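All you need for the working numbering is the position in the sequence shown, starting with 1, plus 9. Note that the Cβ used here is the ideal one computed from N, Cα and C, for glycine as well. Every value quoted in this text rests on a predicted model; they were computed, and no experiment measured them.
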Amino acid sequence: MVQDVIIAGGGPAGLTASIYTARAGLKVKIVDPVGAGGQAGTTSIIHNYPGFPDGVSGPELMGFMSEQAKAFGAEIEYGEVSALRKENSLFLVTIDGKDYEARSVIWAAGTSPRSLGVPGEADLIGRGVSFCAICDGPLFRDKVVAVVGGGDSALTGAQFLTGYAKEVILIHRRDQFRASLANVNRVVGHPRITLKLNSTVHQMKGDGLLESLVVRNVETGSIGEIEVDAVFLYVGSIPNSAPLEGLADLTSSGYVKTREDMSTGTPGLFAVGDVRDKLLRQVATAVGDGAVAGWSAEKYIIENFR
Numbered sequence: 010m011v012q013d014v015i016i017a018g019g020g021p022a023g024l025t026a027s028i029y030t031a032r033a034g035l036k037v038k039i040v041d042p043v044g045a046g047g048q049a050g051t052t053s054i055i056h057n058y059p060g061f062p063d064g065v066s067g068p069e070l071m072g073f074m075s076e077q078a079k080a081f082g083a084e085i086e087y088g089e090v091s092a093l094r095k096e097n098s099l100f101l102v103t104i105d106g107k108d109y110e111a112r113s114v115i116w117a118a119g120t121s122p123r124s125l126g127v128p129g130e131a132d133l134i135g136r137g138v139s140f141c142a143i144c145d146g147p148l149f150r151d152k153v154v155a156v157v158g159g160g161d162s163a164l165t166g167a168q169f170l171t172g173y174a175k176e177v178i179l180i181h182r183r184d185q186f187r188a189s190l191a192n193v194n195r196v197v198g199h200p201r202i203t204l205k206l207n208s209t210v211h212q213m214k215g216d217g218l219l220e221s222l223v224v225r226n227v228e229t230g231s232i233g234e235i236e237v238d239a240v241f242l243y244v245g246s247i248p249n250s251a252p253l254e255g256l257a258d259l260t261s262s263g264y265v266k267t268r269e270d271m272s273t274g275t276p277g278l279f280a281v282g283d284v285r286d287k288l289l290r291q292v293a294t295a296v297g298d299g300a301v302a303g304w305s306a307e308k309y310i311i312e313n314f315r
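Right, dumping it as structure tokens:
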């Protein structure tokens, strides 16, 4: 059966697009490797999403969006899109090895966390090396953990971890954070957060489980080793855009270039959220992208198939 819209990615952009398209009476399928929520669903607290003066947890907000999408008739399925092509007027979307047909595709696949690429890291992922504080933080109650990064995700993760760990060591390669001032103020002076600035991780050590980090001071060149039970990495992202090569224009970093209506170089293909080349990657901007793409996809289908 031909879908009107297949949405690759179940984060805030994809869910919003599904709400708009399903509400318009279109047959909509959302596909995501981990289900609905995206990276926002792994965020402990979101302070800057309108309508929640005290903030809202990522899982709660994404739960609301998911239920709303399903209420309008959108299908949400587990799966990963590995290939995408267009034949005549329809898209062929390969999901877990099986092809599905769609009149339009909204690419909301987001980004994947970037690793440090230092010795020992690859062998210890899932064994003390994590990219998600809200997922794995509760496993390290009363332990010493580290967070690497200087943006809002890193600082939000560090704050969340103080609810479990006895000490959170925040490692950043510069002497100032890139995060918002509000987030910085919550971290600086926190009794459970130790700042280790002008520092980079050069090696991760452990016999089966992470035991320590080798850290270098970028100003003095001195090398030290700190014992930790876990490290949470927030050092950037890689856009999940490989299946769009040849269908959409990409930046040198792999982000998808779109027009104002979220369209790409291929009619009927739209891109939204963090995977898109844009100035600000936040839940609020992702929702805006999704709304525009949902409207654009509906318009495209009406003009070409109705």
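- Message: Residues in the same chain with beta-carbon distance under 6 Å from F186, minus the five sequence neighbours each way, listed in chain order, please.
- Response: G159 and V193
- Item | S162 versus I85, G44, P200 and R123, residue with shortest Cα-Cα distance | Considering only alpha carbons, the answer is R123.
- Message: Between which residues of its own chain and V114 is the CB-CB distance below 8 Å, once the five residues before and five after are set aside?
- Response: V14, I15, I16, A17, L93, F100, V102, G277, L278 and F279
- Out of K36, R225, T30 and G64, state which residue places its alpha-carbon closest to the alpha-carbon of A191. G64
- Message: Rounded to the nearest angstrom, what separates E234 and V292 at their Cα positions?
- Response: 37 Å
- Query: Quick one: what does DSSP say L179 is sitting in, helix, strand or coil?
  - Reply: strand
- Which term fits F241, buried or exposed, when burial requires 16 or more other beta carbons within 10 angstroms of its beta carbon? buried
- Query: Using a Cβ-Cβ cut-off of 6 Å (strictly less than) and excluding sequence neighbours within five positions of F314, which residues of its own chain qualify?
  - Reply: R112
- Task: Pull up the distance between the alpha-carbon of I247 and that of R268, whole angstroms please.
- Result: 21 Å
- Task: Please confirm if the segment 210–221 is in contact with the segment 126–139, defined as three or more CB-CB distances below 8 Å between the two stretches.
- Result: yes
- Item | Sheet register partners of G233 (DSSP bridge) | V224
- Could you give the DSSP three-state label for S162: helix, strand or coil? helix
- Query: According to the neighbour-count rule (16 or more other Cβ atoms, all chains shown, within 10 Å of its Cβ), is T7 buried or exposed?
  - Reply: With the chain running from 10 to 315 in the structure shown, residue 7 is simply not present.
- Item | Residues near G106 by beta carbon distance below 8 Å, same chain, minus five either side | S91
- Query: Cβ atoms of A45 and V37: under 8 Å apart, would you say?
  - Reply: no
- Query: Which term fits R150, buried or exposed, when burial requires 16 or more other beta carbons within 10 angstroms of its beta carbon?
  - Reply: exposed
- Query: Between the segment 195–209 and the segment 163–170, are three or more C-beta pairs nearer than 8 Å?
  - Reply: Look at the beta carbons and you see the segment 195–209 touching the segment 163–170: at least three pairs across the two are nearer than 8 Å.
- Task: With a 10 Å radius around its C-beta and 16 neighbouring C-beta atoms as the bar for buried, classify I180 as buried or exposed.
- Result: It is buried - the Cβ of I180 has at least 16 other Cβ atoms within 10 Å.
- With which residues is S113 paired in a DSSP beta bridge? Answer by DSSP bridge pairing, in chain order: V14.
- Task: In angstroms with no decimal places, state the Cα-to-Cα distance between A118 and V265.
- Result: 11 Å
- Where do the N-terminal and C-terminal ends of the alpha helix (DSSP H) with E312 fall, by residue? Unbroken alpha helix (DSSP H) run through E312: V292 to F314.
- Sorted by chain position, which residues of the same chain lie with C-beta nearer than 7 Å to S305's C-beta, five sequence neighbours on each side aside? D270, M271, S272 and F279
- Task: Would you mind reading off the limits of the alpha helix (DSSP H) that contains F73?
- Result: G67 to A80
- Task: Return the first residue and the last residue of the beta strand (DSSP E) that S27 is part of.
- Result: Looking at the DSSP string, S27 is not in any beta strand (DSSP E); the run it does join, the alpha helix (DSSP H), is P21 to R32.
- Take G303 and list the residues in its own chain whose beta-carbon comes closer than 6 Å to its own, dropping the five residues that flank it on each side. A26, Y29 and T30
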